[in-house]
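*Asks:*
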Amino acid sequence: MKFLALAAILGSAFIVSCTPKTPAVTGTQTINAEHLAQGKTIFENSCKKCHDLPNPTDHSATAWVGIMNSMAPKAKLNEGQHQMVYDYIVSVK
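Read in the working numbering, the sequence shown has 8 at position 8, and its numbers run on one by one without any break.
Set out below in structure tokens:
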């Protein structure tokens, strides 16, 4: 009986861990128009305090990771703001 209960718990955990995740920024937060608009606002207000705004299309999404990791602390962005700005920048085409 204990073996059956343990098998059921482990089986359930396996099924849950293998289900596809919804598109997300972090955790379960889905990227939507409001999220991108907030990222744009943060980008415009925080980044232009120190320099002209870079053109988001000047760099690849991969390059923006390094740029954002370097600049976000200087702009005093928290983790959520950092993610919103990155999501906005890479969404610009």
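Yeah, the Cβ is synthetic: ideal placement off N, Cα and C, and Gly gets one too.
Confirm the yes/no value for this check: CB of Asp-87, any heavy atom of the ligand ATP, distance under 6 Å.
*Replies:* Annotation note on the ligand ATP: not contained in the displayed structure, which lists no ligands.
*Asks:* Leaving aside the five residues before and after Val-90 along the sequence, list all residues of the same chain whose C-beta is less than 8 Å from its C-beta, in chain order.
*Replies:* Along the sequence shown, one-based indexing puts residue 90 at 90. Pro-56, Ala-61 and Trp-64, listed in sequence order.
*Asks:* For Leu-77, count neighbouring C-beta atoms within 10 Å of its own C-beta (all shown protein chains included) and say buried if the count is 16 or more, exposed if not.
*Replies:* As a working mapping, residue 77 is identified with position 77 in the sequence shown. Buried is the call here.
*Asks:* Could you check which residue in Gln-38, Thr-41 and Ser-46 has the C-alpha nearest to that of Lys-74?
*Replies:* Mapped onto the sequence shown, residue 74 falls at position 74. When each option's Cα is compared against that of Lys-74, the closest is Ser-46.
*Asks:* Check for me: the alpha helix (DSSP H) holding Lys-73 runs from which residue to which?
*Replies:* The residue you call residue 73 lines up with position 73 of the sequence shown. Correcting the residue identity first, residue 73 is Pro in this sequence and not Lys. Segment 61-74, the alpha helix (DSSP H) holding Pro-73.
*Asks:* When we look at the beta-carbon of Pro-23 and count the other beta-carbons within 10 Å, is it buried (16 or more) or exposed?
*Replies:* In the sequence shown, the residue the question calls residue 23 occupies position 23. Per-residue confidence for Pro-23 stands at a pLDDT of 42, beneath the threshold of 50, marking its modelled position as unreliable; the derived number appears in the next sentence. Exposed: under 16 other Cβ atoms inside 10 Å.
*Asks:* Pull up the distance between the alpha-carbon of Gly-80 and that of Lys-93, whole angstroms please.
*Replies:* Here residue 80 refers to the residue found at position 80 when the sequence shown is read from its first residue. Here residue 93 refers to the residue found at position 93 when the sequence shown is read from its first residue. Distance between the alpha carbons of Gly-80 and Lys-93 is about 22 Å.
*Asks:* Between Tyr-86 and Lys-40, how many whole angstroms is the CB-CB distance? I'm expecting something under 8 Å.
*Replies:* Here residue 86 refers to the residue found at position 86 when the sequence shown is read from its first residue. Here residue 40 refers to the residue found at position 40 when the sequence shown is read from its first residue. The Cβ separation is near 12 Å, so there is no contact.
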